[in-house]
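Numbering (the UniProt record's numbering), first residue to last: 1 to 610.
Beneath this line is the structure, given in structure tokens, with notes to follow.
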């Protein structure tokens with residue numbers, strides 16, 4: 001009942017995704033790769049390049065090593081850690097552990113490591129054996145990086161003798177043939193770089209010949225581990241400043257942004273999704289007493305939230321002003337049309353926000369055809385405008401496999417008729433989905449089991465969570481593309497991040513902050529970024545196909561703004577104080593609250609589409 005009360009996907013503490021554990025170095029980072037499979041990287045280790053490089057600083061059997069029990073090993077798992085689409089990586093289930101194979105070296109909450117945001121990459125595709133080529137999907141280490149969740153301390157500075165990476169190079173384990181000596185242009189690591197995490201000044205640039213680490217700098221790409229229920233170190237935290245992975249990776253341009261000078265909104269060419277939250281003493285557009293429907297679970301002020309400062313912030317794009325929401329203007333834009341929210345309870349959260357925002361102009365009539373509150377229709381008679389809520393948290397066909405509803409069957413190539421049967425004549429579709437995909441699933445395609453996520457079933461391939469997420473959105477978009485005579489515009493409302501701290505939703509996690517994050521304070525779980533990237537990639541594919549058919553697919557890019565609002569969730573204020581408080585809601589958004597900004601974005605996008 002608790003699960004249903006806040007509509008979270010069920011997930012077990014033991015069913016979590018692994019991360020690459022990280023080393024806290026005190027002197028010089030050393031690591032030895034031992035691979036029991038036919039890896040392209042056998043016997044690799046890092047030694048000191050200070051003149052004694054004939055003797056490895058660290059090797060497996062070197063008791064005098066600064067880190068005698070450290071090695072990077074292949075723990076013989078069946079699921080690759082760092083290969084997005086290749087289940088046959090020679091480095092499966094790679095992790096950094098103590099040599100005794102038991103204790104992780106770097107826990108997720110150890111943020112003092114000097115190896116912040118370190119990644120091993122190879123930017124040059126001309127070599128025959130790239131260790132990790134960033135844009136080469138066939139590389140055995142294509143998405144591999146070693147990353148630390150602290151974003152403040154540079155890893156290596158060329159002229160800093162105290163740097164833990166001041167004099168390193170990578171050589172073969174036999175100590176004779178360097179893999180990447182500084183003057184070997186034919187090395188398969190000849191374009192390896194380490195870049196400072198703030199994205200501004202290279203610590204070690206490629207053409208800095210006096211450097212002992214030619215071609216090295218610190219890169220800020222993000223590690224995306226795959227599923228391994230045995231690894232408890234989930235989720236990975238990465239610092240997310242203004243020039244870090246989330247800020248850069250999420251800057252997906254919208255087709256409606258122009259190149260004009262900036263002033264107000266999209267009309268002047270401004271990216272309204274890139275900005276900051278600024279104080280706004282006037283407060284929200286409505287209150288929890290406004291004549292509109294607010295789900296009790298998001299009615300934070302009703303249930304005694306003691307602070308209200310979270311209501312006094314407004315989104316400010318970097319290069320323009322975001323116009324205030326104009327209810328009458330919105331209704332004029334959508335006159336004679338219909339707008340459907342397709343998704344889960346966070347989508348319903350946005351729908352209720354819109355109805356409350358429009359209440360300053362007029363109130364709708366409930367014309368729902370069913371008493372099921374997950375499927376609603378609101379008619380604005382004076383404008384002949386209808387808002388529709390269609391409950392489909394997984395977008396594709398699903399069914400429970402047991403009375404507890406923990407494991408579900410998900411038919412990834414079959415759209416959910418709950419929304420497809422209602423959508424043909426809709427003018428505006430807002431599609432979304434997120435947290436439900438974290439529960440255990442059996443995946444079906446063409447009527448047959450193809451794998452599962454966190455199912456703990458023998459003889460069933462354990463797939464990463466993003467496989468099901470990707471396929472569900474692909475099926476949803478293809479369904480819309482294939483609908484006969486469908487002429488609507490489709491918005492993908494980007495992934496809505498949660499902000500659990502001190503645990504996850506089912507083990508004491510909470511969200512008690514009372515102010516927004518700045519860009520420099522934002523911390524992103526790696527899965528937020530990958531969920532975002534997965535759905536946006538599918539949207540872009542649909543956009544290309546839709547262009548040929550005269551259909552429009554657009555991105556309602558709410559993710560960056562909402563990453564900065566840990567203060568906007570109900571936490572424990574979605575019910576009366578005397579009720580059970582063991583589970584906090586850090587997924588949905590208080591109303592009124594920052595979710596109202598989503599509809600400020602929406603009206604600007606609709607104005608441009610008109």
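Note that the Cβ used here is the ideal one computed from N, Cα and C, for glycine as well.
Model, not experiment: these values are computed from the prediction.
In the DSSP assignment, residue 413 falls within the beta strand (DSSP E) that extends over 408 to 415.
In the DSSP assignment, residue 333 falls within the unbroken alpha helix (DSSP H) covering 327 to 333. The three-state secondary structure of residue 387, taken from DSSP, is strand. In the DSSP assignment, residue 533 falls within the alpha helix (DSSP H) that extends over 526 to 549.
For residue 338, the pairing in a beta bridge is given by DSSP as 386.
Under the three-state reduction of DSSP output, residue 346 falls in the helix class. Under DSSP, residue 317 takes part in a beta bridge, and its partners are 275.
Excluding residues up to 5 positions away in sequence, 606, 610 lie with their Cβ nearer than 6 Å to the Cβ of residue 333 in the same chain. The distance from the Cβ of residue 285 to that of residue 292 is about 11 Å, inconsistent with a contact at the 8 Å cut-off.
With distances taken between CA atoms, residue 276 lies nearest to 558 out of 512, 558, 608, 535.
Residue 484 counts as exposed, since fewer than 16 other C-beta atoms from the protein chains shown sit within 10 angstroms of its C-beta.
Going by DSSP, residue 465 is part of the alpha helix (DSSP H) stretching over 465 to 482. Counting the other CB atoms within 10 Å of its CB gives residue 519 a total of 16 or more, which places it among the buried residues.
In this chain, the beta strand (DSSP E) harbouring residue 492 covers 489 to 493.
DSSP, read as helix, strand or coil, puts residue 517 in coil. When rounded, the separation of the alpha-carbon atoms in residue 432 and residue 544 is 19 Å. Leaving aside the five residues that flank residue 395 on each side, the residues in its chain whose CB is nearer than 8 Å to its CB run, in chain order, 342, 343, 415, 416, 419, 431, 433, 472, 473, 475, 476.
Residue pairing by DSSP puts residue 453 in a beta bridge opposite 441.
Below 8 Å, enough C-beta pairs join the region 589 to 599 and the region 561 to 572 to call them touching: three or more.
With contacts defined by Cβ atoms closer than 8 Å, residue 377 and residue 383 do not form a contacting pair.
Between residue 413 and residue 447, the alpha-carbon positions lie close to 9 Å from each other. Within the same chain, Cβ atoms closer than 7 Å to the Cβ of residue 445 are found at 412, 413, the five residues on either side in sequence being excluded. With distances taken between CA atoms, residue 362 lies nearest to 381 out of 381, 372, 305, 346. By alpha-carbon distance to residue 358, the top candidate from 290, 309, 479 is 290.
Distances from the alpha-carbon of residue 423 to those of 435, 449, 306, 386 put 386 closest.
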